[in-house]
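Below is one structure, written out as structure tokens, with a few remarks after it.
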Amino acid sequence: MNRVVITGLGTVNPLGSTVEKFWENVKKGTLGVSKIDSFDTTELGVSVAGIIRDFDPTEYFERKDIRHMERFTQIAVASAIQALQDAGTDFKDMDPYRVGTIIGCGIGGIGRIEEEHDKYRAKGPGRISPFFVPMMIGNMAAGQVAIRTGFRGDNFCTTTACASATHAIGEAFRKIKDGYLDVCLCGGSESTITEFTLGGFRTMKALTTESDPAKASTPFDLNRGGFVLGEGSAVLVLEEYEHAKARGAKIYCELAGYGATCDAFHMTAPADECGASSKAMVEAYTEAGLKPEDITYINAHGTSTHLNDMLETKAVKIALGEEQARKVKINSTKSMTGHMLGAAGGAEAVASVLALRDGIAPPTINLTQPDPDCDLDYTPLTAKHADFDVALSSSLGFGGHNACLAFRKWEG
1 MNRVVITGLG TVNPLGSTVE KFWENVKKGT LGVSKIDSFD TTELGVSVAG
51 IIRDFDPTEY FERKDIRHME RFTQIAVASA IQALQDAGTD FKDMDPYRVG
101 TIIGCGIGGI GRIEEEHDKY RAKGPGRISP FFVPMMIGNM AAGQVAIRTG
151 FRGDNFCTTT ACASATHAIG EAFRKIKDGY LDVCLCGGSE STITEFTLGG
201 FRTMKALTTE SDPAKASTPF DLNRGGFVLG EGSAVLVLEE YEHAKARGAK
251 IYCELAGYGA TCDAFHMTAP ADECGASSKA MVEAYTEAGL KPEDITYINA
301 HGTSTHLNDM LETKAVKIAL GEEQARKVKI NSTKSMTGHM LGAAGGAEAV
351 ASVLALRDGI APPTINLTQP DPDCDLDYTP LTAKHADFDV ALSSSLGFGG
401 HNACLAFRKW EG
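For what it's worth, the working numbering labels the leading residue of the sequence shown as 1, then goes sequentially.
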């Protein structure tokens, strides 16, 4: 079996439109949640979101291309371009069928669906844009990245709600480990901050109604009241180790294990016995050849909903044993970015990789009154320096989807 390493990173999210901006803001515990100002939220009862404020698509695209590309696709392509630049090569010297593109997306272009449906209702089917379907389908992020790079290997979109990006990275890992690819661009992208989407999440009581951005996303806090919707994208370059070594690549870390399970329990609620979610963590670190005592950092799913945070705490204790669970540094990046749905696991994987590289446990900001049911070390308020050897990044999605990645510090 091949070893898989990470050689490039790219992201666009509420904490910054580059990896450098994102990581600096993560370390500082910067809040990326802000007031929604693109439409009136009075009737929604939800007024904050994790909004990207500094992305300029003209840095990456011609204006005509921008008009025919949904925002989730734009930011995915931008993240892929960044990741390739970071990797130091465009891989044009390779067989294009040995380079893949796997980018997850939970919802896709729902804003485009809303706009075109309004036109249909007002003016009839003849006014629907011919670009409607190819713009709104969730797989177009992966498709557009391949079109722009010429990569002809495996190309698909994982759609497993909030676990989409983590599954995409895990499946890319499998393709390289098993010898089907040498390189893969992988991650996730999502941009669904619309009145319709917010209304849907609001009626199912998943979103916080807190109007103060600084009090809205509060994972593991006693007073948490739901998640904050966010948007963003992240793409990682995964590469077979010998290939990376031969070209003298900069290596961030090794992706050494992947676990994927299903609760088979409920449409939206996590299973209260936590058997499947803990099993995904166990699968990830076991494949990496690790034991519970080897785990030093976990980037948790940490949504700021009552059930998720309580049961995720329980799952970590089951996966590692309670004694070891209490020794691990854990954080929720969503406390800063909000919940980027299908992109969340991608940005959190980037944070995990950089946490290993720099020996920093990112903070869970806004955690001022810990819930007694969430009694692990969630690194409240400020980042901590620590020497990490292994990081887990865990994601859970509606439908009972669980995915976990195990990263190992690179000593080469």
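By construction, the Cβ of each residue, glycine as well, lies at the ideal position given by its N, Cα and C atoms.
Non-local beta-carbon contacts of Ala141 in its own chain, meaning distances under 8 angstroms to residues more than five positions away in sequence, involve Phe72, Thr73, Ala76, Val77, Ile103, Cys105, Cys157, Ser189 and Ser233 in chain order. If you look at Glu20, you'll find it in the alpha helix (DSSP H) that goes Val19 to Lys28.
If one requires a minimum length of 3 residues, the beta strand (DSSP E) runs lying completely within the region 299-348 are 329-331, in chain order. Val33 carries a strand assignment under DSSP once its states are collapsed to helix, strand and coil. Of Tyr120, Val26, Val5 and Arg63, the smallest CA-CA separation from Lys334 is found for Val26.
Leu15 sits in coil when the DSSP states are folded into three classes, being neither helix nor strand.
Around the Cβ of Asn223, a 10 Å sphere holds fewer than 16 other Cβ atoms; the residue is exposed. By the C-beta density criterion, His117 is exposed, having fewer than 16 other C-beta atoms within 10 angstroms. In the three-state reduction of the DSSP assignment, Lys123 falls in the helix class, which pools H, G and I. Exclusion of the five residues before and after Arg112 leaves Glu70, Met135 and Met136 as the residues of its chain whose Cβ lies within less than 6 angstroms of its Cβ. Classified as buried, Gly16 has 16 or more neighbouring CB atoms from the shown chains inside 10 Å of its CB.
For Phe22 and Arg357, the gap between their C-alpha atoms comes out near 15 angstroms. The C-beta separation of Leu396 from Ala163 comes to about 6 angstroms, placing the pair in contact by the 8 angstroms criterion. Here Ser211 carries a coil assignment [DSSP, helix/strand/coil].
In the three-state reduction of the DSSP assignment, Ile81 falls in the helix class. Residue environment: Gln144 is assigned as buried (16 or more neighbouring CB atoms within 10 Å of its CB, all protein chains considered). One alpha carbon belongs to Cys374, the other to Cys404, and they sit about 20 angstroms apart.
Beta-bridge pairing by DSSP links Leu9 to Leu236. A residue is called buried once 16 or more other Cβ atoms fall within 10 Å of its Cβ, and Ile147, having fewer, is exposed.
Distances from the alpha-carbon of Glu242 to those of Gly275, Ala325 and Gly179 put Gly179 closest.
DSSP places Glu171 in the helix class (H, G or I) of the three-state scheme. Looking at the backbone, the Cα of Arg127 and that of Phe388 are separated by about 56 angstroms. The three-state secondary structure of Leu198, taken from DSSP, is helix. DSSP places Ile66 in the helix class (H, G or I) of the three-state scheme. Annotation: the continuous beta strand (DSSP E) that includes Gly50 extends over Val48 to Gly50.
With fewer than three CB-CB distances shorter than 8 angstroms, the region 350-364 does not count as touching the region 162-176. DSSP assignment within the region 215-284 yields the following whole beta strand (DSSP E) runs of 3 residues or more, N-terminal first: 232-240 and 253-262. For Thr268 and Ala206, the gap between their C-alpha atoms comes out near 10 angstroms. Excluding residues up to 5 positions away in sequence, His68 lie with their Cβ nearer than 6 angstroms to the Cβ of Phe131 in the same chain. Ranked by Cα distance from His385, the options Ala355, Ala406, Lys409 and Ile365 are led by Ala355. Here the alpha carbon of Gly29 sits roughly 22 angstroms from the alpha carbon of Asn308.
A buried status is given to Asp371, since no fewer than 16 other beta-carbon atoms sit within 10 Å of its beta-carbon. If you check the CB distance, Gly226 and Ser304 come in under 8 angstroms. Distance from the CA of Lys291 to the CA of Leu392, rounded to the nearest whole angstrom, comes to 12 angstroms. The three-state secondary structure of Arg53, taken from DSSP, is coil. Between the alpha carbons of Ala383 and Lys329 lies a distance of about 10 angstroms.
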